[in-house]
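Here the structure comes first, spelled out in structure tokens, and everything after it is commentary.
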Amino acid sequence: MKIKTIILTIFCVLLFSCNGKDELNIVLDNSEPLALAPDVSWAVITEPYVAYKEEKSWTSNGTGHCRLGDIIQVQGKSLDKENKIWYLFEKGWISEDCVTVFNNRYKAKTLAESLLKKKKKNKRVKMSLIIAEIGTSH
Numbered sequence: 002m003k004i005k006t007i008i009l010t011i012f013c014v015l016l017f018s019c020n021g022k023d024e025l026n027i028v029l030d031n032s033e034p035l036a037l038a039p040d041v042s043w044a045v046i047t048e049p050y051v052a053y054k055e056e057k058s059w060t061s062n063g064t065g066h067c068r069l070g071d072i073i074q075v076q077g078k079s080l081d082k083e084n085k086i087w088y089l090f091e092k093g094w095i096s097e098d099c100v101t102v103f104n105n106r107y108k109a110k111t112l113a114e115s116l117l118k119k120k121k122k123n124k125r126v127k128m129s130l131i132i133a134e135i136g137t138s139h
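In structure tokens:
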């Protein structure tokens, strides 16, 4: 009797565990072919506004700008006279103080999205405080 019960239980488990499962489709995102390349690094801008510099120096001329949450491919890396790390991008140099660097684009994208959500939330909070302040000043 015990053997029949065990066999019946196993049969029921197998029968009901294999019903109607959809096939798993894995989609490969080819929009950024270097996203997972082992020798390519990606930087996320962590400051609201950052200027690219001609040389590895804060006093160097600007060659362009980027904003919080931008994801940029790193072209090179070097130390300045004070042993601070500077990263080279297509448009110029940016100090390590203004970026976070990742070994793949997907990790960088996760941080960028998080920074932009936080910025949006802070903006709403500030607007609520301004509205509350205006309401109490009358």
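In case it helps, the numbering used here puts the sequence shown at residues 2 to 139. Quick reminder that beta carbons are idealized off the backbone N, C-alpha and C, glycines included.
The three-state reading of DSSP puts Leu-25 in coil, since its state is none of H, G, I, E or B. Under DSSP, Gly-77 shares a beta bridge with Leu-89. In this chain, the beta strand (DSSP E) harbouring Gly-65 covers 63-68. Cα atoms of Gly-93 and Leu-25: separation of roughly 43 Å, rounded to the nearest angstrom. Per the C-alpha coordinates, the member of Glu-56, Ile-86 and Thr-47 positioned closest to Thr-101 is Thr-47. If you check the CB distance, Gly-77 and Leu-89 come in under 8 Å. One Cα belongs to Asn-105, the other to Pro-39, and the distance between them is close to 8 Å. Burial check for Leu-9: the Cβ neighbour count within 10 Å stays below 16, so the residue is exposed. In the structure shown, Lys-108 falls within a helical segment according to DSSP collapsed to helix, strand and coil.
Out of Cys-99, Ala-44, Gly-63 and Ser-58, the CA that lies nearest to the CA of Asp-81 is found in Ser-58.
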